[in-house]
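Using our numbering, the first residue of the sequence shown is number -14, and each one after it goes up by one. Ideal placement from N, C-alpha and C gives every residue a C-beta, glycine not left out. A quick note: this is a predicted structure, and the numbers were derived from the prediction, not measured. Below is one structure; the comments refer to it alone.
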Amino acid sequence: MPEKVTISVIKADVGGWVGHSSVHPALIEKARENLRERGSGLLIDSYVATVGDDINLIMTHRTGVDSPAVHELAWDTFVACTAVAKELKLYGAGQDLLSDAFSGNVRGMGPGVAEMEFVERQGEPVVVFMADKTEPGAWNLPLYRMFADPFTTIGLIIDPKMHTGFRFEVVDLIRHKKVMFSCPEELYDLLVFIGAPGRYCVKSVYSKALGEICATSTTERLNLTAGRYVGKDDPALIVRCQSGMPAVGEALEAFANPHLVAGWMRGSNHGPLMPVSAKDATPTRFDGPPRVVALGFTLCNGRLLGPQDLFADKSFDKARQIANDVAHYIRGLGPFEPGRLPLDEMEYTTLPDVMKRLSDRFEDVD
Ligand code: 13P
Ligand code: 13P
Ligand code: MG
Ligand code: MG
């Protein structure tokens, strides 16, 4: 059996600089140092990336998904970065570390996790998408475009290895259930669910012809806390490309017409997902608009050759212009839906307090 490689992307916000707009260089340095020193002998390679105020640890290794050693390394790295963030009084230091002690796996402890294990092909291009000011359901529409929409991915029609289609694993974040859809036959059933990205998220996509995993996202379950579902977080997504999977350009094309996502300002507003270069991943206007960065790597015996900053290309200027126009328009709605999220989906709310205070003033309508 050829040896398998695992790519793990584990991400967290452990403090913003300034506000929620970016990551301070001292945190990036600390994360790099930690992975280099503590990861030696465990990791084949690693790259520390940021988008807005989120740190994404991109790691390759041979220990499989849910490896306690890799999860512990990521957790300890975020703890070390949090200490620096506290010292520098960065905003929301330790924001995504929900527990004081590590217990074998970072899932459910705050950080987002996307991992896949496979046998490296002769050519293995991988794109790591990372977004800020949004939620895992933000990947639903682009994953649909990449793996099910022939207007985006011409390979679905003309590549014999893509023509039989893909399987989509969808998670119900509230009922904690998952279901598999085989496309194209079940496209319409799939869309019934993933058109509601606040609740149903595409976790992974598999090739039917190759029997291989092609994409996986940081979709974690939501927890009911004080009557509200919490735990949606800025997501990451790994996509393998070429030779029976979408070409790199087909995967990127899914972001060329920015779609509206939830999570802008206080996690409580809608905004367009703007594809940007790593250096432009600094959401500022109304803490946004939401951003997505695409880092391309060629895997070479587990080594990460890259990154290639794929959205830096001029061909995405038009998408950025559209996103800015849409952002400007939707900001005009101010606190009205659909600019603002529906009452039960906002991350911040005063509704219970205001309702309580005014409860005596509500009268029956005849
Ligand atoms: P593959 O079939 O090798 O993925 O090549 C397709 C391609 O790159 C077209 O843009
Ligand atoms: P983050 O989720 O990126 O920390 O943003 C929080 C926020 O509310 C920004 O307005
Ligand atoms: Mg933050
Ligand atoms: Mg963030």
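Measuring only the C-alpha atoms, how far is residue i from residue j?
i      : j     : result
M94    : I40   : 16 angstroms
A194   : A241  : 27 angstroms
D51    : F166  : 24 angstroms
H148   : V112  : 22 angstroms
Y129   : R184  : 16 angstroms
R206   : V91   : 13 angstroms
E322   : M259  : 21 angstroms
L141   : L336  : 47 angstroms
F301   : P127  : 15 angstroms
L363   : I(-8) : Past the boundaries of the shown model lies residue 363; the chain is included only from -14 to 351, so the question cannot be answered.
P10    : D38   : 11 angstroms
V246   : V277  : 11 angstroms
C285   : K162  : 36 angstroms
D30    : L343  : 58 angstroms
G252   : V3    : 17 angstroms
M(-14) : E197  : 15 angstroms
I143   : G234  : 15 angstroms
D349   : D338  : 21 angstroms
L83    : G26   : 28 angstroms
T76    : G212  : Here the sequence assigns Tyr to residue 76, which means Thr is not the residue at that position. So the two alpha carbons sit approximately 27 angstroms from each other.
Q80    : P53   : 22 angstroms
R346   : T334  : 20 angstroms
Y173   : L12   : 44 angstroms
R152   : A236  : 16 angstroms
F114   : E72   : 30 angstroms
Y214   : L328  : 12 angstroms
K299   : M131  : 21 angstroms
C168   : D351  : 51 angstroms
G287   : T45   : 6 angstroms
K264   : A279  : 12 angstroms
P275   : R106  : 34 angstroms
A304   : E330  : 27 angstroms
E170   : D218  : 31 angstroms
Just to confirm the assignment, what range does the alpha helix (DSSP H) spanning residue i have?
i    : result
Q306 : 302 to 316
L195 : Element bounds for L195: n/a, residue is neither H nor E.
E348 : Run containing E348: none; DSSP gives neither H nor E here.
P292 : Where P292 is concerned, there is no enclosing alpha helix (DSSP H), although the beta strand (DSSP E) it sits in stretches over 288 to 294.
V233 : 233 to 238
G140 : 140 to 143
A11  : 10 to 23
So, residue i versus residue j, is the Cβ gap smaller than 8 angstroms?
i      : j    : result
E100   : T201 : yes
K118   : G273 : yes
P243   : S6   : no
L326   : N208 : no
A266   : T35  : yes
P220   : P110 : no
V33    : R17  : yes
S262   : A297 : yes
V187   : V155 : yes
V(-6)  : T67  : no
V(-10) : F87  : no
Q227   : G108 : yes
T137   : A232 : no
K15    : V64  : no
D61    : N125 : no
K(-4)  : L58  : no
G256   : I179 : no
G216   : S192 : no
Name the one or two DSSP bridge partners that residue i has.
i     : result
V278  : M115
P327  : Paired residue(s): none; P327 is not in a bridge.
F151  : C168, S192
I(-5) : L42, V98
Y333  : The partner list for Y333 (beta bridge, DSSP) is empty, contrary to what the question assumes.
N208  : V215
W124  : DSSP, once it has assigned bridges, lists no residue as partnering W124.
D30   : T45
P257  : L245
G273  : R270
A200  : V190, V224
F284  : In the sequence as displayed, the identity of residue 284 is Leu instead of Phe. Answer is L289, bridged to L284.
K162  : D157
F103  : V(-10)
V36   : D39
P135  : Looking at the DSSP assignment, P135 forms no beta bridge with any residue, so it has no partner.
G1    : Y76
Would you kindly report the start and end of the unbroken beta strand (DSSP E) that includes residue i?
i    : result
V55  : V55 -> not in any beta strand (DSSP E); alpha helix (DSSP H) instead, spanning 53 to 72.
V50  : It is not in any beta strand (DSSP E) - V50 carries neither H nor E in the DSSP assignment.
I223 : 221 to 225
Sorry if obvious, but does the Cβ on residue i come closer than 7 angstroms to a heavy atom of ligand 6?
i    : result
D272 : In terms of ligand content, the structure shown lacks ligand 6 and carries ligand 1, ligand 2, ligand 3 and ligand 4 instead.
| Just the residues with CB closer than 6 angstroms to a heavy atom of ligand 3, in chain order, which are they? | Residue list for ligand 3: D(-2), G1, H5, D38, G77, Q80 (CB closer than 6 angstroms to any heavy atom, chain order).
| query | Taking any heavy atom of ligand 1 as the mark, which residues have a C-beta closer than 6 angstroms to it, listed down the chain? | reply | Listed by chain position, these are D144, Q227, S228, A232, G234.
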